[in-house]
Ligand code: SF4
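Numbering (my numbering), first residue to last: 243 to 719.
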């Protein structure tokens, strides 16, 4: 049975433990900075990036506004092309559908293409309970599965591991899952990739059922699209007899012209490439070519509730590129496990509480797992205003009283900052009483000052210093 996020502590506790792990922080810093630099370079090449970003946002918003229409159009197109569409209201229903479909083939092994949707519903665990073994074939997912670990990044689930750790995992665990690691395996990336290739090749050639997700689903033609770097997905999508794809209902795009926008946005934002090496598309069944039994499970699992929230629904635009994780100063220090969900980082902090509700301790803590610096919004290729949704969810978690107190504090600050004389008077009063200023706030404010230092109030404000230095009249400007 593979590991799950169930029972993980809430973010503050989990983050405290993670930030104390120097090796983890080193691995994360190195990996996130490498990817973010690559992204910045390839995004900077395009003069029309802002236009592409606006187009991506507009396409997704339009699709979400008419999602019912596009979903039915997609279903009709898949059916006409020889595929079968199944609707799943929640994780339990999706797991039941997939399990029944696999059992009906008589097979007990499935190969998997990397998929966030199947992780979200914990499909591997459900299949295991029915006696079916799911084999992850994405290299990073393979590392996570072999080590009975949990993913910590959307794109690079084993980002928290370094090469030496991966070599040890391959040496210790590969044989239990199939072809063993070669003798004398080193930690050179080529050697590690070759060991994974040999291990997986044998699996691809003898497994008759595959399970995938999809990056996009084109409503007009019923086409599913998977973007990947390694080619392992392509093997799963073409070699088996039966292909089952679990697809979140927000993955729809209306047409191939719309898809073209995302094929520019996603690779540059995720892997920092102009184009990813493998883009697979399939439409129902093609006689004599590829899987002859094709199923699509359309997954809701809380998404229509998110759609009903006029502020929070923008999270459904997400194309899972992970640019927001790679730029986030909080993620860089805590890693993904601290978020207690398959969706870590800034997008996880807004998506998980919306999909699962804010009633649990893990979900209620997530909207606060951010400094609100806004870097995530800046890099998001579909312009999701993550800070706006975080504040919106904080209001929901804090309830009316917390919201009113914050509003009152902001109102008072706005009154002082809105007038030069009031600001002068407030700064003089603060300087005069600086020795009395508390280092820790009482009551609800204690939660803030327990983990942060209040800045010291200077003896003299900059404005007063400037006036004294420049003579009368200057300070009035
Ligand atoms: S929220 Fe935006 S930046 Fe983050 S994973 Fe989704 S699309 Fe990428």
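Just so it is clear, CB atoms sit at the ideal spot from N, CA and C, and this is done for glycine as well.
Count the other CB atoms, across all protein chains shown, that sit within 10 Å of the CB of residue i; report buried if there are 16 or more and exposed otherwise.
i: residue 707; result: exposed
i: residue 719; result: Low local confidence applies: a pLDDT of 49 at residue 719 is under 50, so the model's placement there is unreliable, and no value is given.
i: residue 652; result: exposed
i: residue 537; result: buried
i: residue 659; result: exposed
i: residue 690; result: exposed
i: residue 540; result: buried
i: residue 500; result: buried
i: residue 395; result: buried
i: residue 265; result: exposed
i: residue 259; result: exposed
i: residue 403; result: buried
i: residue 557; result: buried
i: residue 393; result: buried
i: residue 524; result: buried
i: residue 328; result: buried
i: residue 482; result: buried
i: residue 447; result: exposed
i: residue 528; result: exposed
Name the DSSP beta bridge partners of residue i, please?
i: residue 538; result: 327, 487
i: residue 354; result: 378, 453
i: residue 565; result: BP columns for residue 565 are empty, so no partner.
i: residue 276; result: Beta-bridge pairing links residue 276 to no other residue.
i: residue 458; result: 467
With H, G and I counted as helix, E and B as strand and the rest as coil, what does DSSP make of residue i?
i: residue 717; result: Residue placement at residue 717 is poorly supported in this model, since its pLDDT is 48, which falls under 50; the coordinates are not used for a value here.
i: residue 378; result: strand
i: residue 470; result: strand
i: residue 494; result: strand
i: residue 512; result: helix
i: residue 600; result: coil
i: residue 261; result: helix
i: residue 520; result: strand
i: residue 246; result: coil
i: residue 531; result: strand
i: residue 525; result: strand
i: residue 608; result: helix
i: residue 634; result: helix
i: residue 659; result: helix
i: residue 240; result: As displayed, the chain neither begins before 243 nor continues past 719, which places residue 240 out of reach and without an answer.
i: residue 622; result: coil
i: residue 332; result: coil
i: residue 434; result: helix
i: residue 360; result: helix
i: residue 388; result: helix
i: residue 215; result: Summary: the structure shown does not reach residue 215, with the chain confined to residues 243 through 719, and so no result is reported for it.
i: residue 543; result: coil
i: residue 699; result: coil
i: residue 310; result: helix
i: residue 401; result: coil
i: residue 254; result: helix
i: residue 270; result: helix
i: residue 500; result: helix
i: residue 481; result: coil
i: residue 710; result: helix
i: residue 342; result: helix
Report whether the distance from the Cβ of residue i to the nearest heavy atom of the ligand SF4 is below 7 Å.
i: residue 621; result: yes
i: residue 394; result: no
i: residue 586; result: no
i: residue 467; result: no
i: residue 617; result: no
i: residue 565; result: yes
i: residue 626; result: yes
i: residue 562; result: yes
i: residue 277; result: no
i: residue 511; result: yes
i: residue 401; result: no
i: residue 589; result: yes
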